[in-house]
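Chemist:
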Amino acid sequence: MIVNQMFPADLFAGKCVFVTGGGSGINLGIARNFAALGAKVAICGRTQSKLDAAADELRALGASVHAQAADVRDYARLETVINETQAALGPIDVLVCGAAGNFPIPAEQLSSNGFKSVMDIDVLGSFNAARAAFAQLKATRGSIIFISAGMAYVPFPYQVHVGAAKAGIDMMMRNLALEWGKHGIRANSIVPGPIAGTEGMKRLGGSEYEARAQRAIPLGRYGTVDEIGQAAVFLASPLAAYVTGTVLVVDGGSNLTGSASFGEAIEALMGSAG
Ligand code: COA
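Residue numbers are given in my numbering: position 48 of the sequence shown equals residue 106, and the series is strictly consecutive.
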């Protein structure tokens with residue numbers, strides 16, 4: 059892991075990091091990066107077996123771990139798990155709101171309930187986590203990192219629900235940065251670009267458009283899960299003590315080229331799915 063060579067190995071020693079959706083993908087990568095720097099890590103998600111496997115991975119990095127299932131749409135359950143985390147690991151210093159839902163679908167085929175489902179997971183779920191962790195974050199003068207996406211800024215085919223949800227997340231982030239700054243709480247977002255090995259990218263894998271899509275990224279490649287983890291480490295660290303209310307785009311410059319290149323790949327995927 060590159061992060062160990064960049065930051066002191068005890069940078070987050072004694073700190074507690076809570077990651078929603080931390081059982082897999084980018085969110086687990088973020089949890090790993092904090093664990094590698096001495097943090098105690100709590101993860102939640104919908105599936106306990108997935109969380110248990112992720113917890114083993116995090117413990118192997120030396121972290122104390124709390125891993126309990128909670129659907130971020132269920133405020134009462136999430137609040138219980140967040141309170142249990144404080145009892146098990148101490149108050150939360152860093153909250154990462156990563157839980158999200160996504161599937162590509164033409165807007166005219168998306169049901170009202172499908173739209174609501176993604177809004178509920180992404181927007182309401184992120185608010186629920188921030189709201190439930192507020193007292194702990196106030197006590198620690200902690201920070202919140204939201205996981206946004208490029209489609210919050212540039213419309214992307216078949217992502218009307220995700221674009222709306224992620225734009226909502228980023229405005230919520232700014233509101234919380236404004237309101238909670240007086241408590242010493244910072245709030246920021248990360249916009250990950252296309253990240254290798256994630257579920258979304260695996261779905262595009264093997265597409266004849268994949269190589270072209272990678273070439274269209276100014277840095278010429280997909281990002282890595284650890285590159286997002288390192289951005290989260292930066293935002294939560296003392297290096298970013300005066301950074302709040304901002305969006306850190308970690309996408310190899312993808313946003314500079316719009317959605318056309320990936321649009322083509324998604325069109326092909328949707329076409330092959332019938
Ligand atoms: N295509 C079209 N509609 C979909 C869908 C898909 N792939 N997945 C869910 N929906 C719709 C359902 O049809 C339903 O609407 P309806 O009642 O009008 O039929 C609505 O969304 C809720 O469906 P449900 O099965 O209850 O989903 P959920 O709310 O429990 O979970 C997701 C929604 C997005 C989390 C789920 O689709 C999923 O697991 N996706 C893959 C995993 C994922 O998104 N990971 C995150 C990557 S960023």
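C-beta atoms are modelled at their ideal positions from N, C-alpha and C, and glycine is treated no differently. Here the structure is a predicted model, which means the values were calculated and not measured.
Relative to the C-alpha of Asp284, which candidate in Val99, Asn186, Ile88 has its C-alpha closest?
Modeler: Taking the first residue of the sequence shown as 1, we reach residue 284 at position 226. It is Ile88.
Chemist: Nearest-angstrom Cα distance between Gly200 and Ala165?
Modeler: Numbered from 1 along the sequence shown, position 142 holds the residue referred to as residue 200. Numbered from 1 along the sequence shown, position 107 holds the residue referred to as residue 165. Distance between the alpha carbons of Gly200 and Ala165: 38 Å.
Chemist: In the DSSP assignment, the alpha helix (DSSP H) including Ile140 goes from what residue to what residue?
Modeler: Walking along the sequence shown from the start, residue 140 turns up at place 82. Taken as a continuous stretch (DSSP letters only), the alpha helix (DSSP H) holding Ile140 covers 133-147.
Chemist: Would you kindly report the start and end of the unbroken alpha helix (DSSP H) that includes Ser107?
Modeler: Mapped onto the sequence shown, residue 107 falls at position 49. Looking at the DSSP string, the run of the alpha helix (DSSP H) that includes Ser107 is 106-118.
Chemist: Helix or strand or just coil, what does DSSP make of Leu69?
Modeler: Here residue 69 is taken as the residue at index 11 of the sequence shown, counted from 1. Coil.
Chemist: Go through its chain and collect everything with a Cβ distance to Val308's Cβ below 8 Å, but skip five positions before and after it.
Modeler: On the sequence shown, residue 308 is found 250 positions in, with the first residue counted as 1. Excluding positions up to five away in sequence, the list reads Ile248, Val249, Pro250, Gly251, Gly281, Glu285, Ile286, Ala289.
Chemist: Can you find the residues in the same chain that come closer than 8 Å, C-beta to C-beta, to Gly332, ignoring five residues on each side of it along the sequence?
Modeler: Along the sequence shown, one-based indexing puts residue 332 at 274. Bear in mind that the predicted position of Gly332 carries a pLDDT of just 48, short of 50, making it too unreliable to give a figure here.
Chemist: Any heavy atom of ligand 1 closer than 7 Å to the CB of Asn171?
Modeler: Counted from its first residue, the sequence shown places residue 171 at position 113. Yes; taking the cut-off as 7 Å, the Cβ of Asn171 has a heavy atom of ligand 1 nearer than that.
Chemist: Okay, do the stretch 95-115 and the stretch 74-87 touch, 3+ Cβ pairs below 8 Å being the bar?
Modeler: Because the criterion of three Cβ pairs below 8 Å is met, the stretch 95-115 and the stretch 74-87 touch.
Chemist: Pick out whichever of Met229, Gly208, Met230 has its Cα sitting closest to the Cα of Val220.
Modeler: The residue given as residue 220 occupies position 162 in the sequence shown. It is Gly208.
Chemist: Taking DSSP as the reference, what is the three-state secondary structure of Thr78?
Modeler: Position 20 of the sequence shown, counting from 1, holds the residue named residue 78. Correct three-state label for Thr78: strand.
Chemist: Alpha carbon to alpha carbon, how far is Gly310 from Glu257?
Modeler: The count along the sequence shown starts at 1 and reaches residue 310 at position 252. The count along the sequence shown starts at 1 and reaches residue 257 at position 199. Approximately 19 Å, taken between the alpha carbons.
Chemist: Figure out for me which residue from Ala225, Val301, Leu136 has the closest Cα to the Cα of Ala246.
Modeler: Along the sequence shown, one-based indexing puts residue 246 at 188. First, the residue type needs correcting, since residue 246 is Asn and not Ala in the sequence shown. Among Ala225, Val301, Leu136, the Cα nearest to that of Asn246 belongs to Val301.
Chemist: So Val130 packs on Thr198, CB below 8 Å; how close in whole Å?
Modeler: Locating residue 130 in the sequence shown gives position 72, counting from the first residue. Locating residue 198 in the sequence shown gives position 140, counting from the first residue. Between Thr198 and Val130 the Cβ distance is about 21 Å, and since that is not below 8 Å, they are no contact.
Chemist: Name the residue from Tyr267, Glu268, Ala269, Cys155 whose alpha carbon lies nearest to the alpha carbon of Ile227.
Modeler: By 1-based counting over the sequence shown, the position of residue 227 is 169. Checking every option, the nearest Cα to that of Ile227 belongs to Cys155.
Chemist: Where do the ends of the beta strand (DSSP E) carrying Ser122 lie?
Modeler: On the sequence shown, position 64 is the one that residue 122 refers to. It is not in any beta strand (DSSP E) - Ser122 carries neither H nor E in the DSSP assignment.
Chemist: Using the beta-carbon count (16 or more within 10 Å), is Gly329 buried or exposed?
Modeler: Against the sequence shown, residue 329 aligns to sequence position 271. Exposed, since its Cβ has fewer than 16 Cβ neighbours within 10 Å.
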